[in-house]
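Participant: Residue numbers (full-length UniProt numbering), protein chains in the order written: chain A, 1 to 455; chain B, 1 to 349. The beta-carbon is built from N, C-alpha and C at its ideal position, and this holds for glycine as well. Being a predicted model, the structure only gives us computed values, none of them experimental. Dropping a structure here in structure tokens format, bear with me for questions.
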Amino acid sequence: MSSITPQEIKEEFLKSKMGIAGISILMILVVISIIAIIIIPVETFQEWNNPENWIAYPKIAIPAWANTFMIEKIPEHKILENPNIQNISQDEISLTSHQFGVNFDYDDFPNDFIYIFSSEYTGSPLLQMSVLRPDGIKIELLTTSLPRSNSKTIHYERIFSTDEAIKKNLSFQSEKFEFALDNLSAEDIVFSKAQTNEPLKGNYIFSIDLYGIKSESKINESKLIIGGKAFGLMGTDELRRDLAIGLLWGTPLALFIGLVVSIASVIMGLFYGVYAGYKGKKTDEVMMRFNDVIYALPALPFLIILSVTISNSIFLMVGFLMIFGWVGIAKVSRSMSLQIKTRGYVDAANMMGQKDSKIILKHIVPQLLPYAFASIAISVPAAITTEAGLSFLGLGDPSFPTWGQILHDANTFGAAARGLWWWIMPPGIMIAITGLAFVFIGNALDVIVNPKLKR
Amino acid sequence: MKRYVATRMATMFGVLMITLLITIALVGSNMDTILKQGIVFQVRSEITENPSIAQSFSSVDEFEAFIQTQIDQRVRVLGLDEPWYSPQRIGITMYKILLLDFGHATFLTSDSGSSDVKDILFEKLPRTVLLFTTATIIISVIGIFLGALSSSKIGSTIDRITSSFAIISSSFPVWWIGMLMIFLFAFTYQIFPARATPDIPSSDPRYIGSLLYHMALPLITIVMIGFGSWAYMVRNFMIGIMQEDFIMAKKTIGVNQKKIIYTHALKNAAPPIVTILALSLSGSLGGAIITEAVFDWPGMGRLYFEAISVMDLPVIIGATYLLTVFFLISIFIADLLYGYFDPRVRAGQ
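Written as structure tokens, this is what we have:
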């Protein structure tokens, strides 16, 4: 084993294309993690398993960009939160009007539309909902009065397009359409051409008017959702969760698991092996037998039993993975330290009366560092895939959206059978890319550390 | 040599015992709770079947006391009054397991309906051997051939393709590729069945054909993901050996390149390759738990997964024991083979 200076390693590493590629991918992943931590509030990912949080999102929606490859454009799911607000007051009547403009440019009807609002009022204001279509036809959707209250009250409501009153109102306006409206849902009528039942493209304006008599009434929160089948960067899953958030948050989690497990196990293995090799004799024998025992334990079955019986918390899981990670490294560092031990300077240091701990730290461990770095990089992918595998079996920490967890959900809801490629492909690709980055770095280092592989 | 074999065997046996002990320690307390619940249930149902017992008591307290003594009696007969970690109970449990007496499964049964853990295990094992051992053999044959080929032409196109394929394939989880393969070849293009479990009974003469057909997709997936890293490994061993002096000497004498690679170099690379082959063959017996779960292949891996999801403890203990035994035997064989091929190992001990 030849000694290489850190400077040489750096130079050699920068020369290797593989190493550069690995480092670049890793950098991108780190940037993604930072973005995820900064822009997505921690609360969002803690709410990952809370269905209430995802109610405004569509079910199993394809990523929005997929539309560019489609001849028939799939309606995109739109959540409109910023209406044009007008307040008019005349005599005793006050009017608050919220208008949402929607550019509808798709070849299929939307799934539904939902208006969510909360309003503050006294008395019993009147709520009117109507839509002005691109062809100039105005359709009244709903006229309803909010529940009466003598004192100031806050009322929260969701108006669904499946509302009976909307259906009734539409059937009163059937003369505006040249086809029978029976058995058609509200969104299929509102977004339809007047002549035939086909989607009408263009700008729609939804207006919600709130009339109050002799009293102030206002709308605090106002949200219109046009339900579609395409959404966001990565689409959504069966439980309406935005997969982009899950995938983004998966990155720092995977890096955390991979790096902590591999760094900790390499350090453990390194010191264990070096100590055993340096001490030799009985100590070595006993330590290596213990090493054999851990080596012979079947790792995956044991990890499964541990996570079922003890806990599936992500932090404990990291600990369990470490138990099985250090064994191989201990074996190699032992044999390396056996070689280094015989060198003159170690003998010299020994004779000068230096402490064992100092000799190990100062003279032996630094020699093994290049090897240690290579092993850290090489063992990261295994840690990540093992954790992903456990999560895939449903044994992972359910409170964290790891990539394995997403794939587990995909498998439970039969994503493969239903052709939901956006639910299966991205998590696996992310796992593979992360693994690849470390394999590249590890191989590039390995070539430098083991000159035999060079050529 | 004899001493070497003896010490190895002793170590292996020790390891086996420790593994067993850890497994029992991990599931022991749960097992007791489940067994005790079983007894309570059994006693109560026996009494409800016999109304005359209930009628013979005048007060409710008396009746409850009778039930309690019944339960206590049975608990004592089964030795459950002592905690699972009492030396006596652990001793008995381990002795039973050593003799392959794993008891009866709590929930799972074999296809023929037996709930004896031994029957279940030995029914699943051949299927895992069929799929995973076949795959391992195919992988190693392709791998050794490709590895030797690319080591003879370092830097050539075939070497580059093999190396990059090895690196890329090693970072994909097999089970994820499995999901993709099911997605592509079972649903999008309906070539292979999605579930790997054959749908006709094993007594039917067409059963074997159906089994092979169902096996195709998992087999292709495992081989596809596996052979790359084998080839890369063999290549690296070979490159190391090709730089040794005796090969250089052969080259200078003018021995044909092909002959050097396939006889001299491959022979010298044999010890590590055979070791790894032995280890991966035994590793294949466990069947990749996750891969079997994805393909729904009715082998050891899926059995293990099912046992864990319903917490069927006797099955978990039995399967862990069997897997450990196979693993240890193969480490042992690998050690012996290594000693046989490389005399330095024997001398070193």
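Straight-line CA distance for A6/B to N312/A?
Facilitator: By 1-based counting over the second sequence, the position of residue 6/B is 6. By 1-based counting over the first sequence, the position of residue 312/A is 312. The straight-line gap from Cα to Cα measures roughly 40 Å.
Participant: Give the residues of chain B in contact with D292/A, contact being defined as C-beta atoms less than 7 Å apart.
Facilitator: Against the first sequence, residue 292/A aligns to sequence position 292. Ordered by position in chain B, the residues that pass the 7 Å Cβ test against D292/A are T11 and V15.
Participant: Hey, quick one: how far does the alpha helix (DSSP H) through N236/B stretch, first residue to last?
Facilitator: The residue given as residue 236/B occupies position 236 in the second sequence. Element bounds for N236/B: Y207 to M242.
Participant: Can you find the residues in the same chain that come closer than 7 Å, C-beta to C-beta, to A374/A, ignoring five residues on each side of it along the sequence?
Facilitator: Start at 1 with the first residue of the first sequence, and residue 374/A comes out as number 374. For A374/A, where only same-chain residues beyond five positions count, the Cβ hits under 7 Å are G442, L445, D446 and V449.
Participant: Compare the Cα-Cα distances from S151/B to each of I261/B, A334/B and Y304/B and report the closest residue.
Facilitator: Against the second sequence, residue 151/B aligns to sequence position 151. Comparing Cα positions, the closest option is I261/B.
Participant: In this structure, does DSSP put N450/A in helix, strand or coil?
Facilitator: On the first sequence, residue 450/A is found 450 positions in, with the first residue counted as 1. Residue state, collapsed to three classes: coil.
Participant: What in chain A is Cβ-close to T128/B, meaning under 9 Å?
Facilitator: The residue given as residue 128/B occupies position 128 in the second sequence. Per Cβ cutoff of 9 Å: no residues; T128/B is ~14 Å from chain A at best.
Participant: With 7 Å as the limit, tell me which residues of the segment 288-307 of chain B have their beta carbon closer than that to any beta carbon of chain A; keep them in chain order.
Facilitator: Per Cβ criterion, the list reads I289, I290, A293, Y304 and F305.
Participant: Which residues, in chain order, does the segment 162-179 of chain B contribute to contact with chain A at a C-beta distance below 7 Å?
Facilitator: Answer set for the segment 162-179 of chain B: I167, I168, S170, S171, F172, P173, W175, W176 and M179.
Participant: Exposed or buried, what is V266/A when buried is set at 16 or more other beta-carbons lying within 10 Å of its beta-carbon?
Facilitator: Taking the first sequence and counting its residues from 1, the one referred to as residue 266/A is at position 266. With 16 or more Cβ atoms within 10 Å of its Cβ, V266/A is classed as buried.
Participant: Can you grab the Cα-Cα spacing for the pair Y121/A / S215/A, in whole Å?
Facilitator: Within the first sequence, the letter at position 121 stands for residue 121/A. Within the first sequence, the letter at position 215 stands for residue 215/A. Between Y121/A and S215/A, the C-alpha separation is close to 8 Å.
Participant: Check Q173/A in the structure and name its three-state DSSP category.
Facilitator: In the first sequence, the residue the question calls residue 173/A occupies position 173. DSSP places Q173/A in coil when its eight states are reduced to three.
Participant: Can you tell me where the beta strand (DSSP E) holding E221/A begins and where it ends?
Facilitator: By 1-based counting over the first sequence, the position of residue 221/A is 221. From DSSP, the beta strand (DSSP E) with E221/A extends over S217 to G227.
Participant: For a test of the three-state rule: what should DSSP assign to S58/B, helix, strand or coil?
Facilitator: Counting from one through the second sequence, the residue named residue 58/B turns up at place 58. It is coil, neither helix nor strand.
Participant: Bridge partners for R158/A per DSSP, in chain order?
Facilitator: Start at 1 with the first residue of the first sequence, and residue 158/A comes out as number 158. According to DSSP, which records beta bridges pairwise, R158/A is partnered with I116/A.
Participant: So is K15/A buried or exposed if we call it buried at 16+ other beta carbons inside 10 Å?
Facilitator: Start at 1 with the first residue of the first sequence, and residue 15/A comes out as number 15. K15/A comes out exposed.
Participant: In terms of residues, what are the limits of the beta strand (DSSP E) holding E140/A?
Facilitator: Numbered from its first residue, the first sequence carries residue 140/A at position 140. K138 to S145 is the span of the beta strand (DSSP E), which, as asked, contains E140/A.
Participant: Using 8 Å as the limit for Cβ to Cβ distance, is G348/B near chain A?
Facilitator: Stepping through the second sequence from its first residue, residue 348/B is reached at position 348. Low confidence applies to G348/B: its pLDDT is 46, below 50, so where it sits in the model is not reliable, and the reading given next is rough at best. Not closer than 8 Å to any Cβ of chain A, the Cβ of G348/B fails to qualify, so no.
Participant: Of all the CB atoms in chain A, is at least one closer than 8 Å to the CB of V325/B?
Facilitator: Taking the second sequence and counting its residues from 1, one reaches residue 325/B at position 325. So, not an interface residue.
Participant: Terminal residues of the continuous alpha helix (DSSP H) containing S151/B?
Facilitator: Along the second sequence, read from residue 1 onward, the residue named residue 151/B stands at position 151. Run containing S151/B: T134 to S152, per the alpha helix (DSSP H) assignment.
Participant: Just how far apart, CA to CA, sit I222/B and M12/B?
Facilitator: Sequence index remark: in the second sequence, residue 222/B carries index 222 (1-based). Sequence index remark: in the second sequence, residue 12/B carries index 12 (1-based). Computed Cα separation, rounded: 30 Å.
Participant: Assign L47/A to one of three DSSP states: helix, strand, or coil.
Facilitator: The sequence position of residue 47/A within the first sequence is 47, counting from 1. The question names Leu, but residue 47/A is Glu in the sequence shown. Looking at E47/A - three-state DSSP - the assignment turns out to be coil, as it is neither helix nor strand.
Participant: Chain B partners of V439/A, CB-CB under 8 Å?
Facilitator: Residue 439/A sits at position 439 when you count from the first residue of the first sequence. Those within 8 Å of V439/A in chain B are I167, S170 and S171.
Participant: Between the segment 52-67 of chain B and the segment 335-342 of chain A, do at least 3 Cβ pairs fall closer than 8 Å?
Facilitator: Segments in contact, no.
Participant: Consider the Cβ of L26/B: report whether some Cβ of chain A lies at a distance smaller than 8 Å.
Facilitator: By one-based count along the second sequence, residue 26/B stands at place 26. Interface residue, yes.
Participant: Would you say A194/B lies against chain A (beta-carbon separation less than 8 Å)?
Facilitator: Residue mapping note: residue 194/B aligns to position 194 of the second sequence, counting from 1. It does; some Cβ of chain A falls within 8 Å.
Participant: Can you give me the Cβ contacts of G226/B inside the same chain, cut-off strictly under 6 Å, excluding the 5 residues immediately before and after it?
Facilitator: Here residue 226/B refers to the residue found at position 226 of the second sequence. So the qualifying residues of the chain are I139.
Participant: Cβ atoms of I167/B and V439/A: under 8 Å apart, would you say?
Facilitator: Stepping through the first sequence from its first residue, residue 439/A is reached at position 439. Stepping through the second sequence from its first residue, residue 167/B is reached at position 167. Their beta carbons are under 8 Å apart, which means V439/A touches I167/B by this criterion.
Participant: For V190/A, report the span of its alpha helix (DSSP H) as first-last.
Facilitator: The residue given as residue 190/A occupies position 190 in the first sequence. First-last of the alpha helix (DSSP H) with V190/A: A186 to V190.
Participant: Can you find the residues in the same chain that come closer than 6 Å, C-beta to C-beta, to F160/A, ignoring five residues on each side of it along the sequence?
Facilitator: In the first sequence, residue 160/A corresponds to position 160, counting from 1. These residues qualify, in order along the chain: I114.
Participant: Please tell me whether, using a cut-off of 7 Å, the distance from the CB of W403/A to the nearest non-hydrogen atom of the ligand FAD is below it.
Facilitator: You won't find the ligand FAD in this model; it holds no ligand whatsoever.
Participant: For the pair the segment 384-403 of chain A and the segment 348-366 of chain A, tell me if three or more CB-CB distances fall below 8 Å.
Facilitator: Taking 8 Å as the limit for Cβ pairs, the verdict is that the segment 348-366 of chain A does not touch the segment 384-403 of chain A.
Participant: Contact defined as beta carbons within less than 8 Å: I believe A296/A pairs with V75/B. What is the distance between those atoms, to the nearest angstrom?
Facilitator: Taking the first residue of the first sequence as 1, we reach residue 296/A at position 296. Taking the first residue of the second sequence as 1, we reach residue 75/B at position 75. Their Cβ separation, rounded to whole angstroms, is 36 Å, which puts A296/A and V75/B out of contact at 8 Å.
Participant: Quick check on this structure: which residue in A105/B, A307/B and S284/B has the alpha carbon closest to the alpha carbon of S330/B?
Facilitator: Counting from 1 along the second sequence, the entry for residue 330/B is found at position 330. Minimum Cα distance to S330/B is reached at S284/B.
Participant: Could you give the DSSP three-state label for F206/A: helix, strand or coil?
Facilitator: For the purposes of this step, residue 206/A is taken as residue 206 along the first sequence, with counting starting at 1. It is a strand residue.
Participant: Less than 7 Å between C-beta atoms, sequence neighbours within five positions excluded: which residues of the same chain meet that for Y321/B?
Facilitator: Residue mapping note: residue 321/B aligns to position 321 of the second sequence, counting from 1. Answer for Y321/B: L20 and I97, listed in chain order.
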